[in-house]
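Chains as they are written, first to last, in my numbering: chain Y, -14 to 111; chain A, 6 to 421.
Each residue gets a CB set at the ideal place from its N, CA and C atoms; glycine is no exception.
Here's the structure we're looking at; comments come further down.
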Amino acid sequence: MAKKKETLLTVLDPRGQPSGIFGQCLTPESSPGDIQDPLAQPTGEVRPVRMAPRLDSLDGKTIYLVETGFAGAYDFLQEIQDWFSSNMPSVKTVLRRKQGSMFTNDPPLWDEIKEKGDGAILGVGG
Amino acid sequence: MVTARFADFISLNSQAHGMNLRYSYPPHPVAFVPREVIHGYIDGNDPITGQPLMQELVDALTLPLTEQENAPVIVRKPRHGRLLPADTEENLNRLFLENAWTDGLPIVLPTEERVAEMLTGTDHDPQEVVGRMSVTTHEERLDYTVELVAVNAIMAGCRPEHLPVVLALAASKQASMPSSTTTFISMMVVNGPVRNEIGMNCSSGALSPFNFANSVIGRAWTLLSINLGGAKIAENFTASTGNGVNYNNMCCGENEELSIWEPFHVQKGFKANESTVSLFRGWTVIGFGDGHAGRMAEVMKNVGMAGATFIVDPLAAKNLKNEGFKTKQELASYLAENAKPEIPRPRMPTADNIDFVVVGGEWNPFWMTTDFHYTHTFAIDKWIPKSGIRKDPRPLRMPAAINCSEGVCGLPGIPH
């Protein structure tokens, strides 16, 4: 018996289209509820960002350890600080909490690191 | 540094942002684990690269930048066509499932004919951009048109009469299940005349699966979040356990007819004859509560809530009014004062963060407690055709919930 020819359907793709617009970090003044509210979240286009030149070595350098707000991160950075003290004692580490939450920007801290630091380790996202 | 669980996500996300940052990945998680475990991670290897973690960090700060690192580019997601290649119904259903364009339940396939019919539910141009959405705070937003919203409404099982509510949801730009290792859940509450026009349940069992409009509109928000918000399991939807509420988003109407308080949308500045949808987000639903306002404060205090949205049966609202709370605001102020913890926390309860919606059918004076944060209320009327809601000749309706009849329910001294 000949197999019945099945009807072909044309359907629409259900997905949204890429907009080129990305979410941006919240300002330090943002209310805690803003992270739940997309209308309160800044957006904009992104531009490629180059990294800063690397250091020749860490000897005698000041490295900021920046806790970004995720649970467990401060303990983790304290352990890293201990590691530097034990294994690379010439490195000065400065442990700082970023103001606000993991979603907020902290321009004063970035300015401080540029002025007083040689490098930074941010973390721990998770 | 980012924990290894997020290595793939971070890599893609960096490329999308035009950054070639040097990441190191300790094992996951670093949260809520003993200090000695963390100590072991510091002395151990990055599980992604296999290299000693601390040496990797030192190298990240000292090894010269590569050519690629010196010339970062943005890796863009490609646009896709409007139509999918023609195929059989069976194959298309498989395609939608295998691409995770659904919630796993059967869908109605969005054929061109069905989309055209769905679009009779609004006067707006099909190509009008409604908004852009993402389930994360930082990823690229996806643009969507009236037509794309209609496509997802069809998939959820909606009829044209539901489209204005779904368009209002889409215009919120708010995904129902944002990305987090915690499990966000959402609630949507409809107010105004549209509730009755499209047969929504605001009464008994309003939050249970016994009403067509509540079911398909709530589901549509989930599909919007998947297809227009870009939610992908394990890529950007990272909820540790997930939650069944994500299927329907507690879609219901407020029982304005039996409420002794002003309707929720009026409280938020809309007129009583305007139709709106109000959105809420949080994590926790405590399904059963009874008794006086002091019990509400106890629940908030015990759970450590800085804010709350109570879903209150009309009888419970009458009880609370009998107790002396003439308005929702008076009750919110009382709770903010009496739910304060003994040891102050960064976020203490405030009356502004405590809301009430009246839902239910007066079977008993119960209330539900949620830690939901109210975000916004969105207008539905602008999406309704000038000729009115476009109903089917024989609208699809499930058996309606029965409200308590006059004189049967109620409380002494409080008029029904």
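In terms of CA proximity to Phe7 (chain Y), A:Thr141 leads the group A:Pro69, A:Gln132, A:Thr141, A:Ala105. Residues of chain A with a Cβ closer than 7 angstroms to the Cβ of Pro92 (chain Y) do not exist, since the nearest Cβ in that chain sits about 17 angstroms away. Around the beta carbon of Asn206 (chain A), a 10 Å sphere encloses 16 or more other beta carbons of the protein chains shown; the residue is thus reported as buried. Residue contact with chain A for Gly110 (chain Y): present (Cβ-Cβ distance below 8 angstroms to some residue of chain A). Interface with chain A (8 angstroms Cβ-Cβ cutoff): Asp44 (chain Y) is excluded. Look at Gly45 (chain Y) here: in three-state DSSP terms it is coil, with no helix or strand label. Going by C-alpha positions, Ile316 (chain A) is about 9 angstroms away from Glu259 (chain A). Close to Leu(-7) (chain Y), with beta-carbon spacing below 8 angstroms, are these residues of chain A in chain order: Ala91, Asp92, Thr93. Judged by DSSP secondary structure, Lys333 (chain A) falls within the alpha helix (DSSP H) whose first and last residues are 333 to 343. Contact annotation: in the region 53 to 64 of chain Y, residues whose CB is within less than 8 angstroms of a CB in chain A are Phe55, Ala56, Gly57, Ala58, Asp60, Phe61, Glu64. In the structure shown, Phe269 (chain A) falls within a helical segment according to DSSP collapsed to helix, strand and coil. Look at Gly8 (chain Y): its C-beta is under 8 angstroms from a C-beta on chain A.
The beta carbons of Asn254 (chain A) and Thr227 (chain A) sit closer together than 8 angstroms.
Separation of Pro23 (chain Y) and Gln179 (chain A) (C-alpha to C-alpha, rounded to the nearest whole angstrom) is 6 angstroms. If you look at Leu153 (chain A), you'll find it in the alpha helix (DSSP H) that goes 151 to 161. For Gly234 (chain A), the closest alpha carbon among the candidates A:Tyr28, A:Asp397, A:Asn157, A:Pro346 is that of A:Asn157. Taking all protein chains shown into account, Leu43 (chain Y) has 16 or more neighbouring C-beta atoms within 10 Å of its C-beta and is therefore buried. Pro198 (chain A) and Leu263 (chain A) have their C-alpha atoms spaced approximately 14 angstroms apart. Taking the Cα positions, Val271 (chain A) is about 27 angstroms away from Phe189 (chain A). By the rule that beta-carbons nearer than 8 angstroms mark a contact, Trp95 (chain Y) does not touch chain A.
Leu284 (chain A) places its beta carbon less than 8 angstroms from that of Ser191 (chain A). The residues Asn25, Leu26, Tyr28, in chain order, have a CB closer than 8 angstroms to that of Ser19 (chain A) in the same chain once the five nearest residues on each side in sequence are set aside. The residues Met193, Asn219, Ile222, Gly223, in chain order, have a CB closer than 6 angstroms to that of Cys256 (chain A) in the same chain once the five nearest residues on each side in sequence are set aside. Fewer than three Cβ pairs drawn from the region 288 to 297 of chain A and the region 388 to 402 of chain A lie within less than 8 angstroms of each other, which leaves the two stretches out of contact.
Only residues of its own chain outside the window of five on either side were considered, and among them Leu43, Lys46, Ile48, Phe69 have a CB closer than 7 angstroms to the CB of Val76 (chain Y), listed in chain order. In the structure shown, Arg224 (chain A) falls within a helical segment according to DSSP collapsed to helix, strand and coil. Only buried fits Pro31 (chain A), as 16 or more other CB atoms lie within 10 angstroms of its CB. DSSP places Gln20 (chain A) outside any beta strand (DSSP E); the residue lies instead in the alpha helix (DSSP H), whose first and last residues are 12 to 21. Secondary structure in the region 333 to 399 of chain A: the alpha helix (DSSP H) runs of 4 residues or longer, each lying completely within the stretch, are 333 to 343 in chain order. Contact annotation: the region 92 to 99 of chain A does not touch the region 118 to 131 of chain A, with fewer than three C-beta pairs closer than 8 angstroms. Distance from the CA of Asp51 (chain A) to the CA of Phe11 (chain A), rounded to the nearest whole angstrom, comes to 13 angstroms. For Ile106 (chain Y), the residues of chain A that pass the 7 angstroms Cβ criterion are Met6, Leu62, in the order they occur in the chain.
For Asn254 (chain A), no chain Y residue has a Cβ inside 8 angstroms of its Cβ, as the nearest lies near 14 angstroms away. At a cut-off of 8 angstroms between beta carbons, Val51 (chain Y) makes no contact with chain A. When the Cα atoms are used, Ile231 (chain A) and Gln73 (chain A) turn out to be separated by approximately 33 angstroms.
Put simply, of A:Thr382, A:His167, A:Gly55, A:Ser177 the residue whose alpha carbon is nearest the alpha carbon of Leu124 (chain A) is A:His167.
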